[in-house]
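Everything on this sheet refers to the single structure shown next.
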Ligand code: PEP
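Residue numbers (this note's numbering): 66 to 317.
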């Protein structure tokens, strides 16, 4: 049985003040312990403070990115050991915004995933297709390419043992256009089969989240699908009530 996970990706949003009220609301709302795991991923500068604010709750802390290199002369970068030091458990990587806006390639994403795993952190690996790729029937080929760079290497496959995958169709991120539950389920099943071809036990235990305009109103029908094990939530993770409704839907 896979325990559902709901991870909130705050992206580059918020302030100390909004972080405080968001965390207070989430803690209060989750007090009646839901049967899902919940994580929040604030911007780097708020990680330490959010960690302190989360004290006494089961909510895990995650980062939105990390360097694949160890500490050293890499101005502006953040290392895995720093994330561990401030109490992170998860790291999002391969998000479509990082792939599209910061030129992150499949190979760099694989290097990051291996570094995250080696440090003892848990990767949340985002994969997903562009609208034109879906419309030209290339969804599975794109997702396969993003996964195969890891599945086809010994180190990558080892690091995947510890990884959560987030299927995020790029056309659904921040657009209000959610994949239908069946569209999402089809890709989730494809991902699980692709992993199973290399390691059946890993495929069975691996959590595969859906991300892309998940809201309180559509979470339950998405999470009801057999291969959807929770969600990676952007915009709705900045609103306490919405986020709590999504966490509740995952727990049911
Ligand atoms: C995301 O950024 O990972 C995401 C899924 O965003 P949104 O929920 O806003 O579509």
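For every residue, glycine included, the Cβ atom is placed at its ideal position computed from N, Cα and C.
Small disclaimer: the values here were computed from a predicted structure and weren't measured.
Look at residue i and residue j and say whether their C-beta atoms are less than 7 Å apart.
i, j, result
"residue 106", "residue 157", "yes"
"residue 178", "residue 224", "yes"
"residue 301", "residue 307", "yes"
"residue 151", "residue 116", "yes"
"residue 185", "residue 174", "no"
"residue 176", "residue 133", "yes"
"residue 254", "residue 213", "no"
When you measure from the CB of residue i to every non-hydrogen atom of the ligand PEP, does any distance come out below 6 Å?
i, result
"residue 143", "no"
"residue 300", "yes"
"residue 297", "yes"
Report the rounded CA-to-CA distance for residue i versus residue j, giving the unit in angstroms.
i, j, result
"residue 217", "residue 261", "13 Å"
"residue 227", "residue 75", "23 Å"
"residue 263", "residue 103", "29 Å"
"residue 271", "residue 215", "14 Å"
"residue 288", "residue 257", "16 Å"
"residue 84", "residue 311", "19 Å"
"residue 309", "residue 171", "33 Å"
"residue 81", "residue 90", "14 Å"
"residue 283", "residue 92", "23 Å"
"residue 203", "residue 86", "42 Å"
Would you check whether the ligand HEM has a heavy atom nearer than 6 Å to the C-beta of residue i?
i, result
"residue 287", "As far as ligands go, the structure on display features the ligand PEP and does not contain the ligand HEM."
Please go through the stretch 257-290 and give each complete alpha helix (DSSP H) segment of 4 or more residues, from N-terminal end onward.
265-270 and 284-288
Of all the beta strand (DSSP E) runs that stay within the bounds of the stretch 125-213, which reach a length of 3 or more residues?
Runs found: 125-128, 155-158 and 187-192.
Does the stretch 232-245 touch the stretch 296-307, meaning 3 or more C-beta pairs lie closer than 8 Å?
yes
Touch test, the stretch 146-154 against the stretch 189-200, Cβ-Cβ under 8 Å, three pairs minimum
No, the stretch 146-154 does not touch the stretch 189-200.
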